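Just so you know, we're using the UniProt record's numbering here: the sequence shown kicks off at 1 and counts up by one. Notes follow once the structure below has been shown.
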Amino acid sequence: MAELSLFYDAVLQDDGTYDRAYTSADWAKYFENIFRNGVMMSVGEALRVTAADSVGMRVVVKAGSASLKGYQYINTSAFAVPIDVASSTQDRTDSIVVRHDLNARQAYVAVKKGNVSVERSTEVYEIQLATVKVPRNSSGITADLITDKRPDAKVCGYSTPFANVSVSGLEAQYEAMLKKIVETNKTSYEKILNDFKNYVAKAQTDMDSNIEEIICTGNGKVNAFDVLIHEWFAALKNELDANQASNLQNQINEMKATEELPAIEHNLRGYPNVQVLYWEYGIGLSGLANEPTGLGGSNVKKIPHSVEYLDLFSFKVKVPMNFKMVNPTVTKIDSRTIRFIEAFKVIEIKF
Numbered sequence: 001m002a003e004l005s006l007f008y009d010a011v012l013q014d015d016g017t018y019d020r021a022y023t024s025a026d027w028a029k030y031f032e033n034i035f036r037n038g039v040m041m042s043v044g045e046a047l048r049v050t051a052a053d054s055v056g057m058r059v060v061v062k063a064g065s066a067s068l069k070g071y072q073y074i075n076t077s078a079f080a081v082p083i084d085v086a087s088s089t090q091d092r093t094d095s096i097v098v099r100h101d102l103n104a105r106q107a108y109v110a111v112k113k114g115n116v117s118v119e120r121s122t123e124v125y126e127i128q129l130a131t132v133k134v135p136r137n138s139s140g141i142t143a144d145l146i147t148d149k150r151p152d153a154k155v156c157g158y159s160t161p162f163a164n165v166s167v168s169g170l171e172a173q174y175e176a177m178l179k180k181i182v183e184t185n186k187t188s189y190e191k192i193l194n195d196f197k198n199y200v201a202k203a204q205t206d207m208d209s210n211i212e213e214i215i216c217t218g219n220g221k222v223n224a225f226d227v228l229i230h231e232w233f234a235a236l237k238n239e240l241d242a243n244q245a246s247n248l249q250n251q252i253n254e255m256k257a258t259e260e261l262p263a264i265e266h267n268l269r270g271y272p273n274v275q276v277l278y279w280e281y282g283i284g285l286s287g288l289a290n291e292p293t294g295l296g297g298s299n300v301k302k303i304p305h306s307v308e309y310l311d312l313f314s315f316k317v318k319v320p321m322n323f324k325m326v327n328p329t330v331t332k333i334d335s336r337t338i339r340f341i342e343a344f345k346v347i348e349i350k351f
């Protein structure tokens, strides 16, 4: 058995030396027993990794602090970290880590090119702040290429007082108490658990059924309105001259959502609200001399639309005939914004 006592005053001996001394390892052991490894969530911006304001082959590590095996890493202000140039033949993924190195006697931020593992040995301990995808032939790192790994306890996690506190003894005690209460009331412990599981399963089924019913009802009302407006227009056409009918048809083409855009996938698990914006001749879609609306394109406007939810993770949007696109270029602006571009037309979907 080995016992270690921390920390007591040293006493000066007759020979001029002190009877005890403590090292950095002793202090690290003390803090390791208190704080688990990871990023200090409440310090600065918790070492968040972002794209640089002026996009280039670099990322920015924000201010923050971390605890690694009882040793502390502190960054007082944001600084840029260079990323090696992209390959011309294939994509790669780099990782941004904080490395505690006993041999170097310091902790520091490092880039691991093409490597998303963390080293954890006697001398070196790493936590991973983020991974950075570097597409082939790319010239800059944008926000969508950066994946935050700080919440992942397998490679980083957040530093909190005490690591994994075992409550197995309390669990056993409460389980025994619960069983005794159940026996006293002549109701089996297993029946309570099964009833609860059945209740949860039924609630989930009912919720899914209600959601499907709401969607079906909504689609039915939309279809009924579609039939009604067609019947009304067919009757009205007989009473209008050619120009009036043409103008009315153009107005309907501006209002009635009939033309499908490509399906959109997401990871929100649900049925998000959808907003559809439209403009023409945006910068980069046509030469400046050819833009009838002037530099920057037309004003942005909301357009009528309908949404069909294919499942919990995808949906399709329909727009009026005048905004139809045959084979648009699809660009993902961020996780909740998709842009369709064809010729001088631009449709942006926000959800």
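We put the beta carbon where it would ideally sit given N, CA and C, even for glycine. Small disclaimer: the values here were computed from a predicted structure and weren't measured.
Item: I338 beta carbon less than 8 Å from that of I349; Value: yes
Item: Sufficient close CB pairs (3 or more, under 8 Å) joining the stretch 13-25 to the stretch 139-147; Value: no
Item: Among E3, L68 and A80, the one whose alpha carbon lies nearest that of D53; Value: A80
Item: Own chain partners of V307 with C-beta closer than 7 Å, once the 5 adjacent residues on each side are dropped; Value: V274, F315 and V317
Item: As assigned by DSSP and simplified to three states, the class of A300; Value: Note that residue 300 is Val in the sequence shown, not Ala. DSSP places V300 in coil when its eight states are reduced to three.
Item: Coil, strand or helix - Y22 by DSSP; Value: coil
Item: Rounded C-alpha distance that separates F35 from N194; Value: 39 Å
Item: Assigned secondary structure, I229 (DSSP; H/G/I helix, E/B strand, else coil); Value: helix
Item: Q204, DSSP secondary structure in three states; Value: helix
Item: Neighbourhood of S87 by C-beta, 6 Å cutoff - its chain only, sequence neighbours within 5 removed; Value: R136
Item: Identity of the residue in I303, K154, T131 and H230 nearest T147 by Cα; Value: T131
Item: Same chain only: Cβ atoms within 7 Å of L312, ignoring 5 sequence neighbours per side; Value: R269 and G270
Item: Presumed contact (8 Å Cβ cut-off) between V43 and G64, rounded CB distance; Value: 5 Å
Item: Per-residue burial, R99 [other beta carbons within 10 Å of its own, 16 or more giving buried]; Value: buried
Item: Secondary structure of F313, DSSP reduced to three states; Value: coil
Item: Per-residue DSSP class, three states only, for N198; Value: helix
Item: Exposed unless 16 or more other CB atoms sit within 10 angstroms - verdict on Y8; Value: exposed
Item: Extent of the continuous beta strand (DSSP E) to which N75 belongs; Value: Y71 to N75
Item: Outcome for R20 when other beta-carbon atoms lying within 10 angstroms are tallied against a minimum of 16; Value: exposed
Item: Same chain, Cβ closer than 6 Å to P292, five either side skipped, listed in chain order; Value: Confidence at P292 is low in this model, with a pLDDT of 46, below 50, so its placement is unreliable and the value that follows should be read with caution. Taken in chain order, the list of residues that qualify is empty.
Item: Rounded C-alpha distance that separates I181 from I192; Value: 12 Å
Item: Under the three-state DSSP convention, the category S95 falls into; Value: strand
Item: Contact set for A46: own chain, Cβ-Cβ below 6 Å, skip 5 residues either direction; Value: V39 and G64
Item: Cβ neighbour criterion (16 or more within 10 Å) applied to H305; Value: buried
Item: Backbone CA spacing between I214 and E260 [nearest angstrom]; Value: 22 Å
Item: First through last residue of the beta strand (DSSP E) which encompasses A153; Value: A153 -> no beta strand (DSSP E), and no H or E assigned at all.
Item: Through-space distance from L129 to A107, alpha-carbon basis; Value: 14 Å
Item: Strand pairing of D334, partner residues [DSSP]; Value: T337
Item: D101 (DSSP reduced to helix, strand or coil); Value: strand
Item: 7 Å Cβ shell around Q13 - same chain, five flanking residues per side excluded; Value: D19
Item: Distance between V319 and V116 (C-alpha atoms, nearest Å); Value: 43 Å
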